[in-house]
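See below for the structure under consideration.
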Amino acid sequence: MKNPSQKKSRRTVLKTTAAAIAMPMIIPASALGRDGAVAPSNRIVLGGVGLGGRGRKVLSCFLKQPEVQFVTVADPQKERREIVQRYTKKVADQDCEPVQDMYEVFERDDIDAVLIATGDRWHAMASMIAAKHGKDVYSEKPCSMTIREAQELDDTMRLYGRVFQAGTQRRSVENFALAAKLAHTGKLGNITSVHAGILELTEDLPWLPEEPLPDKSVIDWERWLGPSPWRPYNSKYCQGRWRLHHGLATGYRLLEWGSHTVDLCQWGAQTDGTTPVEFEAINDTTVHAKYANGVKLIMRLSGFRGEGDWQPNLGSCPIRFEGDEGWVEAGDNGNMAFSDPKLIEGETFDEKHYGTDPIQHVRNFLDCVKSREQPVCNASVARYGHIAGHAAAISWKLGRKMGFDPQTESFVGDDEANRMRSRARRAPWHI
Amino acid sequence: MKHILLLIVLAGLASVTFADQSSALKVLATSDATIEQKANACDDLGRVGTADAVPVLADLLADKHLHDYARDALERIPDPAAGKALVNALSELKGAQLTGVIITLGDRAAAPAVPALSKLAQKKDTAPQVRAAAITSLAQIGDDQSMNTVLSVLENGDAQAKSAAAQATLAAAARLERAALRLKQKVAAADVAEHLKAAAAQ
Chain X
167 MKNPSQKKSR RTVLKTTAAA IAMPMIIPAS ALGRDGAVAP SNRIVLGGVG LGGRGRKVLS
227 CFLKQPEVQF VTVADPQKER REIVQRYTKK VADQDCEPVQ DMYEVFERDD IDAVLIATGD
287 RWHAMASMIA AKHGKDVYSE KPCSMTIREA QELDDTMRLY GRVFQAGTQR RSVENFALAA
347 KLAHTGKLGN ITSVHAGILE LTEDLPWLPE EPLPDKSVID WERWLGPSPW RPYNSKYCQG
407 RWRLHHGLAT GYRLLEWGSH TVDLCQWGAQ TDGTTPVEFE AINDTTVHAK YANGVKLIMR
467 LSGFRGEGDW QPNLGSCPIR FEGDEGWVEA GDNGNMAFSD PKLIEGETFD EKHYGTDPIQ
527 HVRNFLDCVK SREQPVCNAS VARYGHIAGH AAAISWKLGR KMGFDPQTES FVGDDEANRM
587 RSRARRAPWH I
Chain B
2 MKHILLLIVL AGLASVTFAD QSSALKVLAT SDATIEQKAN ACDDLGRVGT ADAVPVLADL
62 LADKHLHDYA RDALERIPDP AAGKALVNAL SELKGAQLTG VIITLGDRAA APAVPALSKL
122 AQKKDTAPQV RAAAITSLAQ IGDDQSMNTV LSVLENGDAQ AKSAAAQATL AAAARLERAA
182 LRLKQKVAAA DVAEHLKAAA AQ
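Here the protein sequences come in this chain order: X and B. Taking this note's numbering, the leading residue of the first sequence gets 167, the next gets one more, and so forth. Taking this note's numbering, the leading residue of the second sequence gets 2, the next gets one more, and so forth.
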């Protein structure tokens, strides 16, 4: 393992350079930030952790930003980190050092921010470790495995003064933003219900059969598992089949899309900073919730094949905001549907901007890294949206209606549900 | 007859979860049950277990594969017997298992653990990982005695311990700030004189 302290940091280099230019010399315009180049002092040096297919999609958006310099990626899987190294060279001609241990990324003092796109199990823990090392964080969703982790993540980001962006990028996509605007400006009347498209909830899968452990240099299984409880190795987990496995994924699939769509509903209902006060799972495809002001949050089936009772051709992750004077729906294919076309008179939105595209979300994050303001999906926003999602999943698992206190972030009079708000993390991982 | 009963118990294991404590305890007492079945039983006990489940779970804290599951269950069982079992385990475990139990004691805010955790936090030959966990947990417990130890480490510890103590102290301070804010919000929302509400708003 390289000792990160032996490396020259960006700032060390800058200091050295400043001392060196005491004598007259010719400085290229590009180094000063002219000719369209970004001056070193304005660069944002980025590291990555656990970048697979989705992670590389987000990374591609970072690499399109002129100020981003991507310098390293950590992954316990050799093949994956080397793919990212080649990808970075190919698309941005940048040299990215692949490392096995994420601490090698966090301990580099030349790195300003990190992109975390591991499996669910690592999102919160890696984000919090990064924050403790002074890094700003863009993390894929779901950003927490439990209600407690959603709290801890927010508290940690606040404590260390870090900029955090949850990878719930649809707040930065035009059709969803317009839908929220219609809800916020009273064009729909008083909001009565907000609807979040979700996948069908299902029980966790049994363990995959044990396979011989690969060499640690190829896949470090202990690091791959991280804070999740031990289970025997099977190569398929590392190829993406960790979903729906208890302790590796969360929320019985509700947070798969619900991280996005419940977040959008929180936005539409202007309930950022709180959660519903009641949850009731109707069946495997529908969970009802209600905010203190009476607005309903309806989580109901949608799917990749257009399942559920949604307007046609909206695509995945649909949402609906309904008021006493009108309604609007939006989905991933960039489209919208309305109760009345007059609702969007004078408004424009880019129908080609798909809900899965994080380019504007990444831009928002980078702007905030510079300004030190908080992004649209900051840790506080993620806290409440995720708590709502986790609480809904717990109500489904237990099959009963339950009250929820947004102040204490606990279920009212339901000991079993409250015990499901957290899980112990495997040692040595703790915050 | 014994085999028939066993088959009945194992037949019920197809489901991911168990309905109640007695079923889960039966699985843990069944030598033919798989590690996964026992792990699921531990998870169920974390949800519904009482003091009756504690001895069985405590015995699993030293188990190579089931430690994580047993500790998770003990972390979530509110009965003080669970905390006591975890404190007792401190002298019996080493390495990651010891670190795990220390973390859980912090998450439970287990005040009875303070003397033992203080020793681990201050002993020079404690492994760095164990010591860092002990410092963190002491700050999570956050009473006068535990914070005295953390602040002593912050002042006198080596660089690594100081760093852990600093992080733990910051987290404890943030918790106090949040608690103070909640109290002020209660006053602000109460039916009291305006000058008291104004004081709460400061």
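Here a beta-carbon is modelled for each residue, glycine too, at the ideal position from N, C-alpha and C.
Check	Outcome
Positions along the stretch 362–374 of chain X whose CB lies within less than 7 angstroms of some CB in chain B	Glu-369, Asp-370, Pro-372, Trp-373
Local conformation of X:Ile-187 per DSSP, three classes	With a pLDDT of 35 at X:Ile-187, under the threshold of 50, the predicted position of this residue should be treated as unreliable, though the coordinate-derived value follows. Coil.
4-residue-minimum alpha helix (DSSP H) runs that sit fully inside the stretch 393–479 of chain X, ordered along the chain	401–404, 420–434
Short-range partners of chain X found in the stretch 99–124 of chain B, where Cβ spacing is below 9 angstroms	Leu-99, Thr-100, Gly-101, Val-102, Ile-103, Ile-104, Thr-105, Gly-107, Asp-108
Closest Cα partner of X:His-519 within the set X:Pro-242, X:Arg-409, X:Ser-468, X:Ala-343	X:Ala-343
Short CB-CB distance (under 8 angstroms) between B:Leu-91 and chain X	no
Touching by the beta-carbon criterion (3+ pairs, under 8 angstroms), the stretch 427–436 of chain X and the stretch 90–104 of chain B	no
Spatial distance of X:Pro-594 from X:Val-494 (CA atoms)	47 angstroms
Residues bridged to X:Met-568 [DSSP beta-bridge criterion]	X:Phe-445
Burial state of X:Glu-376 (16 or more Cβ within 10 Å)	exposed
Which of helix, strand or coil DSSP assigns to B:Leu-99	helix
Short CB-CB distance (under 8 angstroms) between B:Gln-168 and chain X	yes
Start-to-end residues for the alpha helix (DSSP H) that takes in B:Ser-164	160–190
Nearest residue (CA-CA) to X:Leu-414, options X:Leu-430, X:Val-428, X:Gly-300, X:Trp-396	X:Trp-396
Cβ-Cβ distance between X:Thr-427 and X:Ile-553 below 8 angstroms	no
Test item: CB-CB of X:Gly-214 and X:Leu-319 under 8 angstroms	no
Residues in the stretch 60–75 of chain B having any Cβ partner in chain X nearer than 7 angstroms	His-66, Asp-69, Tyr-70, Arg-72, Asp-73
Option in B:Lys-65, B:Asp-64, B:Leu-58 with minimal Cα separation from B:Gly-84	B:Leu-58
Buried versus exposed, by CB contacts within 10 Å (16 or more), X:Ser-353	According to the sequence as given, residue 353 of chain X is Lys; it is not Ser. Burial call: buried.
Three-state secondary structure assigned by DSSP to X:Val-528	helix
Under the three-state DSSP convention, the category X:Ala-503 falls into	strand
Validate contact between the stretch 143–154 of chain B and the stretch 303–311 of chain X using beta carbons, cut 8 angstroms, 3 pairs	no
Interfacial residues, the stretch 392–408 of chain X to chain B, with Cβ spacing under 7 angstroms	Pro-395, Trp-396
Closer than 8 angstroms at the beta carbon, the chain X residues around B:Gln-161	Within chain X, no residue comes near B:Gln-161; the closest Cβ sits about 13 angstroms away, beyond 8 angstroms.
C-alpha distance - X:Val-528 paired with X:Ala-205, whole-angstrom precision	20 angstroms
C-alpha gap between B:Gly-143 and B:Ser-32, whole angstroms	41 angstroms
X:Arg-466 and X:Gly-472 closer than 8 angstroms at C-beta	no
Closer than 8 angstroms to chain X by CB, B:Val-17	Confidence at B:Val-17 is low in this model, with a pLDDT of 38, below 50, so the placement of that residue is unreliable and no value is reported for it.
Distance, B:Leu-184 Cα to X:Asn-400 Cα	50 angstroms
Rounded straight-line distance, which links the Cα of X:Met-294 to that of X:Glu-315	10 angstroms
Cβ neighbours of X:Glu-422 in the same chain (closer than 7 angstroms, five flanking residues each side left out)	Leu-365
Given 8 angstroms, three or more beta-carbon pairs between the stretch 581–592 of chain X and the stretch 33–52 of chain B	yes
Minimum Cβ-Cβ distance from X:Asp-506 to chain B less than 8 angstroms	no
Range of the contiguous alpha helix (DSSP H) that encloses X:Tyr-253	244–258
Contact set for X:Tyr-326: own chain, Cβ-Cβ below 8 angstroms, skip 5 residues either direction	Ala-297, Lys-298, Gly-300
Collapsed DSSP secondary structure at X:Gln-266 in the structure displayed	coil
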